[in-house]
Structures are given as C-alpha cells and as structure tokens.
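Let me begin by presenting the structure, written as structure tokens, before commenting on it.
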Amino acid sequence: MNGPLLEVSDLSVVYRTYEGTVAAVNGLGFSLHRGRTLGLVGESGAGKTTTALSIMGLVPSPPGVVESGRIIFDGQDLLRLPEREMKRIRGNRISMIFQDPMTSLNPVLTVGLQISEALAAHQDLSEAEAERRAAEMLERVQIPAARYREYPHEFSGGMRQRVVIAMALACNPSLIIADEPTTALDVTIQAQVLELMKSLKEEFATSMIMITHDLGVVGEVCDNVAVMYAGRIVETGSLEQVFSDALHPYTRGLFRCIPDIEEELSVIRPIEGLMPEPLDLPSGCAFHPRCPRCMEICRTRVPEAIERDGHGVMCHLFSEGGGGDHA
Amino acid sequence: MLRYFLRRLLLLIPVLLGVSVVIFSIVHLAPGDPAEVMLGPSATQEDIANLREQLGLNRPLYVQYGAFLGNALRGDLGRSMRSNAPVVEEIMDRFPATLTLAVLGMAFAIGIGLPLGLLAALKQNTWIDALCSFVALAGFSIPNFWIALMLMLLFSIYIPILPSSGIDSWKNLVMPTIVLGVQTMAVIARMTRSSMLEVIRQDYVRTARAKGISDRLVLTRHILSNVMIPVVTIAGLYFGHSLGGVVVTETVFSIPGLGRLIVDAIRSHDYPVVQGGVLFFALCVGVVNLLVDMLYAALDPRIKAQYRAAR
Ligand SMILES: Nc1ncnc2c1ncn2[C@@H]1O[C@H](COP(=O)(O)OP(=O)(O)O)[C@@H](O)[C@H]1O
Ligand SMILES: [Mg+2]
Chain A
1 MNGPLLEVSD
11 LSVVYRTYEG
21 TVAAVNGLGF
31 SLHRGRTLGL
41 VGESGAGKTT
51 TALSIMGLVP
61 SPPGVVESGR
71 IIFDGQDLLR
81 LPEREMKRIR
91 GNRISMIFQD
101 PMTSLNPVLT
111 VGLQISEALA
121 AHQDLSEAEA
131 ERRAAEMLER
141 VQIPAARYRE
151 YPHEFSGGMR
161 QRVVIAMALA
171 CNPSLIIADE
181 PTTALDVTIQ
191 AQVLELMKSL
201 KEEFATSMIM
211 ITHDLGVVGE
221 VCDNVAVMYA
231 GRIVETGSLE
241 QVFSDALHPY
251 TRGLFRCIPD
261 IEEELSVIRP
271 IEGLMPEPLD
281 LPSGCAFHPR
291 CPRCMEICRT
301 RVPEAIERDG
311 HGVMCHLFSE
321 GGGGDHA
Chain B
1001 MLRYFLRRLL
1011 LLIPVLLGVS
1021 VVIFSIVHLA
1031 PGDPAEVMLG
1041 PSATQEDIAN
1051 LREQLGLNRP
1061 LYVQYGAFLG
1071 NALRGDLGRS
1081 MRSNAPVVEE
1091 IMDRFPATLT
1101 LAVLGMAFAI
1111 GIGLPLGLLA
1121 ALKQNTWIDA
1131 LCSFVALAGF
1141 SIPNFWIALM
1151 LMLLFSIYIP
1161 ILPSSGIDSW
1171 KNLVMPTIVL
1181 GVQTMAVIAR
1191 MTRSSMLEVI
1201 RQDYVRTARA
1211 KGISDRLVLT
1221 RHILSNVMIP
1231 VVTIAGLYFG
1241 HSLGGVVVTE
1251 TVFSIPGLGR
1261 LIVDAIRSHD
1271 YPVVQGGVLF
1281 FALCVGVVNL
1291 LVDMLYAALD
1301 PRIKAQYRAA
1311 R
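Going down the list, the sequences are from chains A and B.
The opening position of the first sequence corresponds to residue 1 in this note's numbering, with each subsequent residue numbered one higher.
The opening position of the second sequence corresponds to residue 1001 in this note's numbering, with each subsequent residue numbered one higher.
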C-alpha cells in the first residue's frame, strides 16, 4: 500500500487536573512512512510521551482526554476504533518501548512469560509454541534462552530493556514507538541498546518513532526529525534538513546548545528560560517569551505551518510577510 | 527453600523457650495458691501443706521450671489440677473448635476484605469507595466484644435466627466467625485498597496494557499478583492477633475451645493447663507466621532470592 503508515493530524490532548487543565498536546500533526524512523525531539514536558500514548490508545483517563484529532494508521483512524479492536492492534501491529526498564517489567512474573503473553494474546498458538517463540525472541536480543524463567530483578538495566525490546518485537509489529529507550541506561549500555534496536528494526522491517531528547540518538538512527515544543511540532524535515539547515529559532537554539562534538551523547540544554507550564501556555507562539527573534505578531497569533520541499516550520519569520529569510 | 524452612523451624525453639519462661513466671508469681483453690474453703492448713508438697510447689522455682521444660520436651505438659486429665489431651479436645473458628474467621476476613478493598480502589473517590472505607474503619475501631453483643441482640433476640451459644450446628459459628474476623477483614480491606491504588499506576501495568492482553489478564496476572504481597503480610500478622480474639469470642459465645479452656484454667489457678495452653498458642502463631513467610516468598521472587542468598 502507498501513502504513509501513520498520519497524525490536529491531535489535541489535555489532562484535567485539580490545578487546572494541562494542554499537553495542541493540534499536533506529523506523518511517518513505511520502513522509516522518525525522531520526535523535545524537552521534558513537551508532550512526547502523551503523543505516543495517544497512538497506543493508552492516555490515562482520567485525567487525560483526547480532545480532537485523527490518527490514521494503515487507513484506520485509531481514535475512532472501539477498545476491542484497539486491543488487537496494541502489542501486535503497534508496540511501545518504555523509558525506564527498571519499572516497566512486572517484578513477580518471569521475563519469558512477559514475552510469551504478548504472542499468546495475538496469535493462535499453543502454550508450548508461544514459549518456544518467546525463547527465540530472547536469543534475538542476545539473552540466553536459558534465562527464560528468571525474574526481572535478576537482570541488569540494559538487559531488562532488551527484554522489553523482545516483548515489543514479538508479534512483528509494523510500528514501534520507543519512548526515550536509552535515557535511563548507563552511557556505555546506551550505545549497545541503540545498536541492537537499529539492527532489529532493519531485520524486522518495522517503522519506528524514536522519542528522545538526545540529538546524538537522533543523528544515529533517524531518517526524519520532528521537533516538539509545548505540544506542537515546530519544525520537521529530513535528518539533513533539520540538522544542517534548521529554521526555527528553537531548533537552532537546540543545536547551539550541543556543548561539544567530542562529548558524544549530548542532552538538550536549550536556550534561556524554561519550557512554559502547559497549565498556562503563553498566547501566540508558545516559544515567544524565550525567542531571540520575537516579533510583535508572535505574541498574539499562533503561526501556521509552512512547508518547502518536505521541510516544515511553524514560525512567523517564514510566513508571508514575516520577518523574511532565516539567515 | 527447604533449608530456609528448616532453619526457620529451628528458630521457633528459642521463641518457644522464651514464651515458656515468661508464662511460667507469670503463673507462679501471680498471687493465689492452687492448693487452696483446689481444696476449697473448708480445707485445713495441714491438707493444704500436704497437697503443696504433693504437687511439688515447695521446690525452688527453677527446679519446677526445669521439670516442666523436661516434660514438655517429651510432649508431656502435666496433668490438669481440676480434672486430673493430661493437659495435652485437654488441649487436643479443645483445639478443633478453635482451629475451625480461626480458619473461618480468616476466610471471612479475606473473603470480604479483599473484594471490598478491590471494589473501593476500582471505584476510587465515589460513594462506593466511601462506603467501603466506612465499613473498614468501623470494623477496625469497634471493639469486638461490643460487636458480639450487638450481633447477639440482633440475631438471637430481635430476629431470632441464630443461636447465641454452643456449637451444635453451622449456625452457631456464623456470629463468632464475624466477630473474630471483622478486624482482620477491615485491615485487609484497607491494605488491599491502598496496595491496589499503588499497583494500578505502576509502569509495568501500562506495559501489560500496551501488549494488548485482555483486561482480565491485566487484573489477575499483573495487578492482583502484586497487590497480594502486602496483603498476605498483613493478613499473616493479624492472624496471630486474631487468635487473641479467640479468647473473647469463645467466652462470649460459650464455645468450648482453647481460649475458654485457658480462661477457665486461669480462674481456677490450674497452672499446668494455663502454661500448656499458652505454650501451644505460641506454637500455633509461630507455625502460622512461618507458613505466611513461605507464602510471601512464593508470591514475590525477590524475597525468594534473598532467602536463597542468605542460606
Ligand atoms: N497523568 C498526567 N496527569 C497530569 N498531567 C500530566 C500527566 N501526564 C503528563 N502530564 C503533563 O503533560 C505534559 C506533557 O507530558 P509528557 O507527554 O509526559 O511530556 P514528555 O514526554 O515530552 O516529557 C507535562 O506538562 C506533564 O506534566
Ligand atoms: Mg516522556
């Protein structure tokens, strides 16, 4: 089939809390083509995890509410799908790898069972067959199948994340959403796990959304990049477009903040000021209070998304009659 | 695991020794002379002195304790001063009633407390939650003798459907079971609720959901298995606690169990029965705690691993 595998448009998600309504995702849109890897980049609190959970249909509710949007996956709008149908997609055609392997595995169940139950849920397998396939998956992530009956506490952080990866890949999904899969790991382990994910992604020919705030990771594994700020995608494009020809002042700020090329894995420490509280987003462009090139219009109007050759940006500097070139 | 079990079993010995010293001292230092009690008000001083000699009450305390301990190790807890029957026999006569009551009480506590706690957590912050919490709080704070009297008033007098004493049919056990189990039920309900609320927001539950497995499997396999760990611990602790409640319950409902045996023995200064009965109670609590620890390890592989490492 042609066309993108996943097309998200106009997605808005809020959390209704006692302190007020948190606008976590605000009319966000992006698309992902088959076999590709999209890097979803942004500071903590930008709404990356919420976006991922929306695709999975797992936004915690209460307090979360998906207010609007379409998430077209393989021709179906996931947001309109009944829960029963959604269960058939979750873990089967779309699966997710979570941030912290120390907490994302059930401590009282063997790792083998936690892999095989994903298989059992979606494929008509005998128990023995599910077990055999799960053991095979363990080997695929370089864990001896002999450790099938061990519990999560018997594994290191890196190995646990590999178990989670095995779980996510078990049903050979078309899409994997990896939510900061290496953030919680030691630096040396990060590289190994990333390498493994990259090679398995090729082997299984899946598409991937790689959520991270680590530009090093993006450069390593992604084909396309979407930069997120306060629940919106402010810039998107191919790896090259975004890395060498960043348009949005926020993206440019991010790259300026890479301390040193020598320092292999750099974490975003961007720009003066903090991400605005999603409880109380600024009017106009949410970035304007921190923007070095802020104009009058930025304070009042939300910029429209503009696209040239697949390089999209959401900034008044580039709109008709805006501040002009990005030089 | 087996080695750990055996080691724990050995550890029961010092505990029982300690209990035996304490109970022996209390019984023998308490005022009141058993010989006097046994012979009644009409006895002469000489009769009393003779009986004391005969019972060995004139020997130094440590000699008496030594004799008691030596016999106890051979399974001989002496003879009742009242009935002259072996204490072990008296205990075994009474034990089945108490055991039945304790098991029923626990079953009631778990059978009601667990669903109540789960329901409260699933309906968090609704009136159902409030009602469950109210029942739990009431069950915990109302003294059980008062509950016993109120139940009797209600079901034996106003609506006479349950007998208030004796042990002739299952009907006799309904009220004692409730009285004995209600506090543990309350504790279990509260523990289940808080444990459930804690577990439900854990990352691994989200991971389980992300696999697309059924809600029922998420609940039973992923949530309940973790909820049960603290619940079993607290239930185990309260089992010993509720054995104390046996004394009150058996007295109020006139059930011929171990608790009543000991109370009666205390009233009539029947030393051997008091000592033997209390020692037997301690043994029961020890064994139950051991079983709970085993169950705990079976539920939580992390604990099991600690046991393995510690042997
Ligand atoms: N369960 C929740 N309840 C209330 N607010 C939440 C919840 N989850 C996330 N948020 C808020 O939504 C915003 C976006 O969070 P998140 O999607 O986790 O961002 P990211 O993954 O980019 O760090 C944050 O301000 C966060 O505080
Ligand atoms: Mg996140």
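Note that CB positions come from ideal geometry on N, CA and C, so glycine has one too.
Problem set entry | Neighbour-count burial assignment, Q1124/B, 16 or more Cβ in a 10 Å radius | By the Cβ neighbour-count rule, Q1124/B is exposed, with fewer than 16 other Cβ atoms within 10 Å of its own.
Exercise. Going by the C-beta, is S199/A closer than 7 Å to any heavy atom of ligand 3?
Worked result: Questions concerning ligand 3 fall outside what the structure shown contains, since the ligands it does hold are ligand 1 and ligand 2.
For this session: Measure the alpha-carbon distance for A52/A versus L32/A and round it to whole angstroms.
Result: Their backbone Cα atoms lie some 13 Å apart in a straight line.
Problem set entry | Listed by chain order, chain B residues near D100/A by CB distance under 8 Å | Residues of chain B passing the Cβ test: D1203.
Exercise. By DSSP, does V13/A sit in helix, in strand, or in coil?
Worked result: The three-state secondary structure of V13/A, taken from DSSP, is strand.
Exercise. If you measure from the beta carbon of I1234/B to each beta carbon in chain A, is any gap under 8 Å?
Worked result: I1234/B does not count as touching chain A.
For this session: Rounded to whole angstroms, what's the CA-CA distance from T1177/B to S174/A? Just pull it up for me.
Result: In this structure, the alpha-carbon of T1177/B lies about 57 Å from that of S174/A.
Exercise. Between which two residues does the alpha helix (DSSP H) harbouring H1222/B extend?
Worked result: DSSP places H1222/B outside any alpha helix (DSSP H), giving it a letter other than H or E.
Exercise. What does A1120/B reach in chain A if we use C-beta pairs closer than 7 Å?
Worked result: Proximity of chain A to A1120/B at the Cβ level (cut-off 7 Å) is not reached, the minimal Cβ distance being about 17 Å.
Exercise. At a Cβ threshold of 8 Å, is V225/A touching chain B?
Worked result: Taking Cβ atoms only, chain B never reaches closer than 8 Å to V225/A, which makes this a no.
For this session: From the DSSP output, read off the bridge partner residues of D74/A.
Result: Residue pairing for D74/A: DSSP places it in no beta bridge.
Problem set entry | R1206/B to P62/A span [Cα, whole Å] | If I take the Cα positions, the gap works out to 14 Å.
Exercise. For A1109/B, does the three-state DSSP call read helix, strand or coil?
Worked result: A1109/B falls in the helix class under three-state DSSP.
For this session: Can you pull the chain A residues whose beta carbon is under 8 Å from the beta carbon of K1375/B, in chain order?
Result: As shown, chain B starts at 1001 and ends at 1311. That puts residue 1375/B outside it, with no answer to give.
For this session: Could you give the DSSP three-state label for G1056/B: helix, strand or coil?
Result: Reduced to three states, the DSSP call for G1056/B is coil.
For this session: Let me know the alpha helix (DSSP H) ranges lying completely inside the region 1208–1288 of chain B, each 4 residues or longer, listed in chain order.
Result: You should have 1225–1252, 1258–1267.
Exercise. Got a sec, what are the start and stop residues for the beta strand (DSSP E) D179/A sits in?
Worked result: Start and end: 175–179.
Problem set entry | Beta-ladder partner(s) of I367/A, from DSSP | For chain A, the structure presents residues 1 to 327; residue 367/A sits outside this window and is missing.
Problem set entry | Contained beta strand (DSSP E) runs [length at least 3] in the region 3–51 of chain A, N- to C-terminal order | The region 3–51 of chain A is shown to contain whole beta strand (DSSP E) runs of 3 or more residues at 6–17, 20–32, 37–41, in chain order.
Exercise. Taking 8 Å as the CB-CB cut-off, is E264/A touching chain B?
Worked result: Bear in mind that a pLDDT of 47 at E264/A, under 50, signals an unreliable position, so the model cannot answer this.
For this session: Consider the C-beta atom of S44/A and the heavy atoms of ligand 1; say whether any pair is separated by less than 7 Å.
Result: It does: the Cβ of S44/A is within 7 Å (strictly closer) of some heavy atom of ligand 1.
Problem set entry | Between the CA atoms of P289/A and E304/A - distance to the nearest angstrom | Approximately 18 Å, taken between the alpha carbons.
Problem set entry | Cα-Cα separation between A230/A and Y1238/B, rounded to whole angstroms | The alpha-carbon of A230/A is positioned some 51 Å away from that of Y1238/B.
Exercise. Hey, is L200/A's beta-carbon within less than 8 Å of any beta-carbon in chain B?
Worked result: No, no contact with chain B.
Exercise. Of the choices V1252/B, I1159/B, F1140/B, whose alpha-carbon is the least far from that of A1189/B?
Worked result: Of V1252/B, I1159/B, F1140/B, the residue nearest in Cα terms is F1140/B.
Problem set entry | Inter-residue CB distance, V218/A and V225/A (contact presumed, cutoff 8 Å) | At roughly 6 Å, the Cβ-Cβ gap stays under 8 Å, so V218/A and V225/A are in contact.
Problem set entry | Residue of L1243/B, G1117/B, Y1065/B minimising C-alpha distance to L1101/B | When each option's Cα is compared against that of L1101/B, the closest is L1243/B.
Exercise. If we ignore side chains and look at the alpha-carbon of each, how far apart do N1099/B and L1029/B end up?
Worked result: Per the sequence shown, the amino acid found at residue 1099/B is Leu instead of Asn. Rounded to whole angstroms, L1099/B to L1029/B spans 30 Å at the Cα level.
Problem set entry | For M1196/B, three-class secondary structure by DSSP | Residue state for M1196/B is assigned as helix, using DSSP reduced to three classes.
Exercise. So, is Y1158/B buried or exposed, given that buried needs 16 or more other C-beta atoms within 10 angstroms?
Worked result: Answer is exposed; the Cβ neighbour count stays below 16.
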